[in-house]
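Here is the structure we will look at.
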Amino acid sequence: MVNHARASHINPRRMQIDSDRRGITADLAILACALFTFACRSDNSVTPPTTSRALTVIGAGAVNERYTAEIWVLGNVAYTTTWGNRSAPGDAIKIWDVSGNVPTLVDSVIVPNASTLGDVQASDDGKLLVVATEFSPGSIMIYSLTDPLKPQLISRYTTALTDPGVHTAEVQRVNGRLYAFLCLHRPHRPSLRRWEVRSSTTCSCAMEFSLPRFGTRG
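So this is what it looks like as structure tokens:
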């Protein structure tokens, strides 16, 4: 039996629009496949090597009292962070001279009220060093790199939005503005936040994305 009540609400024009949309979607899918096939057949394709060899180690900077986490290189200077708890907690930023084959430890910066440090990155102009800290209170540390071998703390930015910890802090400039993209350590509510670094002492949360299918770290 035909349900005339429902049939009377059918909009032929809407059906035509939906049909057109499906057709456009199908055409786009075909075009994407064609472009993918063309790209794979281009002369720019890369053939992976059939053999590999180990990299030759020409120098190493040993850190015996802490576990090393992340590294960022700016010219002849490298910055490494630490994590966890070895014979000492992961609260140190190590500053290395990497102008030669063997890294030379120049100095260390201890971050108070932190048990693990995450990402470390210099801004694109080389003026600021940004370091993520966890666990509570989570924060981002902003240092001046006027002297790259002697980072000077400018500010520590921490709010309820950075609790219980910031694991990832990716610093990028977008349309002339400096942003820090933060991945927060939240087991029950992992999220990605975009913070605008308005000045060396001022930050603000510009956007937040929930990541329900991801783990606690990015």
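Here the sequence shown stands for residues 152 to 369, where the numbers follow this note's numbering.
Every residue gets a Cβ at the ideal spot worked out from N, C-alpha and C, and that includes glycine.
Every value quoted in this text rests on a predicted model; they were computed, and no experiment measured them.
Spatially closest choice to residue i from the options, by CA coordinates
| i | options | result |
| --- | --- | --- |
| Ser-386 | Asn-252, Val-317, Ile-246 and Lys-301 | With the chain covering 152 to 369 only, the question about residue 386 has no answer from this structure. |
| Arg-237 | Pro-299, Ser-295 and Val-214 | Val-214 |
| Glu-221 | Lys-278, Ile-246, Thr-202 and Thr-198 | Ile-246 |
| Thr-255 | Gly-277, Ser-196, Asn-227 and Thr-219 | Asn-227 |
Counted within 10 angstroms of its Cβ, other Cβ atoms place residue i as buried (16 or more) or exposed
| i | result |
| --- | --- |
| Leu-333 | buried |
| Ser-274 | buried |
| Arg-324 | exposed |
| Thr-202 | exposed |
| Pro-302 | buried |
The beta strand (DSSP E) enclosing residue i, as first and last residue numbers
| i | result |
| --- | --- |
| Val-282 | 279-285 |
| Ser-295 | 290-295 |
| Lys-301 | Element bounds for Lys-301: n/a, residue is neither H nor E. |
| Ala-273 | 267-273 |
| Thr-438 | Limits of the chain in this structure are 152 at one end and 369 at the other, which puts residue 438 out of reach. |
| Arg-217 | Note, Arg-217: premise wrong, no beta strand (DSSP E); not H, not E. |
CB-CB length for residue i against residue j, believed under 8 Å
| i | j | result |
| --- | --- | --- |
| Thr-313 | Ser-290 | 6 Å |
| Asp-270 | Ala-283 | 5 Å |
Whole-angstrom distance between residue j and residue i, CA atom to CA atom
| i | j | result |
| --- | --- | --- |
| Ser-259 | Asn-326 | 34 Å |
| Val-249 | Ile-209 | 12 Å |
| Pro-200 | Leu-206 | 15 Å |
| Val-257 | Val-197 | 41 Å |
| Ile-293 | Ala-239 | 23 Å |
| Trp-234 | Leu-268 | 6 Å |
| Pro-315 | Ser-287 | 4 Å |
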